[in-house]
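What follows is one structure encoded as structure tokens, with my remarks underneath.
Protein chains: 2
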Amino acid sequence: MFKIPDWAFEFHGHLCPFMPIGYRMGSLALQKLGVERCKDHEMHVFSEMGVGHPQTCMQDGIMAVTGATFGKNMFERLYYGKIAATFWYPGINGAIRIYLRNEFQDKMAPHEFFTYRKKSIEPSQIPDNVSQDIINMVLTATDEELFTTTLMPDYTYKPVKGSFNKAACEICGEYVFERYLRVKDGKRICIPCAGHEPDEKVFYHPEIH
Amino acid sequence: MFKIPDWAFEFHGHLCPFMPIGYRMGSLALQKLGVERCKDHEMHVFSEMGVGHPQTCMQDGIMAVTGATFGKNMFERLYYGKIAATFWYPGINGAIRIYLRNEFQDKMAPHEFFTYRKKSIEPSQIPDNVSQDIINMVLTATDEELFTTTLMPDYTYKPVKGSFNKAACEICGEYVFERYLRVKDGKRICIPCAGHEPDEKVFYHPEIH
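In structure tokens form, the structure reads like this:
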């Protein structure tokens, strides 16, 4: 049976099947790319998940096993509403996309775990034996039962270039990294002091093709 | 000295001062709000960090201590380029904003750790004693030396309502959560099959005021 370290469950906060699915997905990505868990800023993950739907817990599992964490800016959401992610590693041509097969999604769907979830019962309130049973379903499946893996030879991504430069906002006095400084009445200020929001939003979308 | 569990460093992947700063920031937020670490979908965190700047590692520390993880959709980025975050908890009026004081940022800046970082040397390649020294600076500081905390009594946030509904894309056959299904030539399809990107992007911005 596939093993997941206890700390990954501790980080995630509750027992559920999707953190383990993400852990296995990330583990398969490392294996397919032939790389080790990332310590710094190596692998970038592009998750196809969005908001307003369940099963996003998968993303915590991917971060835990790959070391490509959101905090290190290695993890982006693409908002496609799919249980899939693409894994890109610097120096390796192309990328690997992994999707949780419809057949496995259908196999899990009737499980008692989801009967609770659809009644809005949170995972920590579901009996442990129910959660452990569906987790075991994930841990005993083969990679082939779980995932469709696609090699994307032409996939390119250009990571953002970083800068340490910063300055204090001339209104509130707080430090701001240069990219996010704005100018108003000749002063260098932060976005909240500029009052541009909520009319304008600043987003980041990874340069992938 | 403030204690951080080993697994938080293991999750993060390397020794650096910003994961611990985030851990302390999140710990202070839990204390100020009078709540426990989150198991499920409770606290929401709005980080003021963005892309293209360093020190974002703070966000992994916040996730580790609060349990408000990106994978559970409890963690959003606001792209202001500041070392700050706001913590919102359902059922508690308002929110708490915590900012890493300029004075502490200035105190850390001359440390040898950043001499390495500004030469693009990754944290895992910096001698452990150098990293441990700056981490100790973080762990031995008081909350008051580290942070400015602001109570925001009028802060409101409306979490996204979720739905389990999904359907297979009528082109590629993959399952898609309803919010992200699109229609083209009368077919219900996914965003990549619709070919709307890269012209159109789908984002999420939290409804905060």
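Here the protein sequences line up with chains F and B, keeping their order.
Heads up, the first sequence is in this note's numbering, so the first residue is 5 and it goes up one at a time.
Heads up, the second sequence is in this note's numbering, so the first residue is 5 and it goes up one at a time.
We treat Cβ as the ideally placed atom computed from N, Cα and C, and that holds for glycine.
Remember, predicted model here, so these are calculated numbers, not experimental data.
Which value, in whole angstroms, describes the spacing of the CA atoms of K86 (chain B) and D110 (chain B)? 14 angstroms
Can you find a C-beta in chain B that's less than 8 angstroms from the C-beta of K205 (chain F)? yes
What do you get for V187 (chain F), buried or exposed, if any count of 16 or more other CB atoms within 10 angstroms of its CB means buried? exposed
At what residues does the alpha helix (DSSP H) containing M53 (chain B) begin and finish? Here M53 (chain B) belongs to no alpha helix (DSSP H), and DSSP marks it neither H nor E.
What is the rounded straight-line gap between the Cα of G71 (chain F) and the Cα of H115 (chain B)? 26 angstroms
Could one say the Cβ of M67 (chain F) lies closer than 8 angstroms to chain B's Cβ atoms, at least one of them? yes
Any idea if E149 (chain F) is buried or exposed, counting beta-carbon neighbours within 10 angstroms, 16 or more meaning buried? exposed
Helix, strand or coil at R183 (chain F) according to DSSP, with G and I counted as helix: helix
Between which residues of its own chain and E178 (chain F) is the CB-CB distance below 7 angstroms, once the five residues before and five after are set aside? A172, C194
Compute the Euclidean distance between the alpha carbons of K36 (chain F) and T154 (chain B), then round it to the nearest angstrom. Each residue's alpha carbon lies about 47 angstroms from the other.
Starting from I125 (chain F), trace the alpha helix (DSSP H) both ways and give me its first and last residue. Element bounds for I125 (chain F): n/a, residue is neither H nor E.
Chain F beta carbons: is any one of them nearer than 8 angstroms to that of E107 (chain B)? no
Could you check whether the segment 14-23 of chain F touches the segment 121-129 of chain F, counting it as contact only if at least three pairs of C-beta atoms, one from each stretch, sit closer than 8 angstroms? yes
Mind listing the chain B neighbours of N77 (chain F)? Cutoff is C-beta to C-beta under 8 angstroms, in chain order. V55, T60
By how many angstroms is the C-alpha of W92 (chain F) removed from the C-alpha of M47 (chain F)? Going from the Cα of M47 (chain F) to the Cα of W92 (chain F) covers about 6 angstroms.
Under a three-way DSSP split, which group does E174 (chain F) fall into? DSSP, read as helix, strand or coil, puts E174 (chain F) in coil.
Is A89 (chain F) near M29 (chain F), with beta carbons less than 8 angstroms apart? yes
Residues that W11 (chain F) contacts on chain B, provided the C-beta gap is smaller than 9 angstroms: Result: P9, D10, W11, A12, E14, F15.
Along the segment 166-188 of chain F, where does the CB come closer than 9 angstroms to a CB of chain B? Name the residues. G166, S167, F168, N169, K170, A172, C173, G177, E178, Y179, V180, F181, E182, R183, Y184, L185
Give me the Cβ distance between Y83 (chain F) and Y208 (chain B), rounded to the nearest whole Å; I'm assuming they're in contact under 8 angstroms. 7 angstroms
Name the DSSP bridge partner or partners of L32 (chain F)? In DSSP, L32 (chain F) forms no bridge with anything.
Closer than 8 angstroms by beta-carbon distance: list the chain B residues that pair up with M47 (chain F), in chain order. Near M47 (chain F) there are no residues of chain B at all, since even the closest Cβ is about 11 angstroms away, more than 8 angstroms.
Does the beta carbon of M23 (chain B) sit closer than 8 angstroms to a beta carbon anywhere in chain F? With 8 angstroms as the cut-off, M23 (chain B) counts as an interface residue toward chain F.
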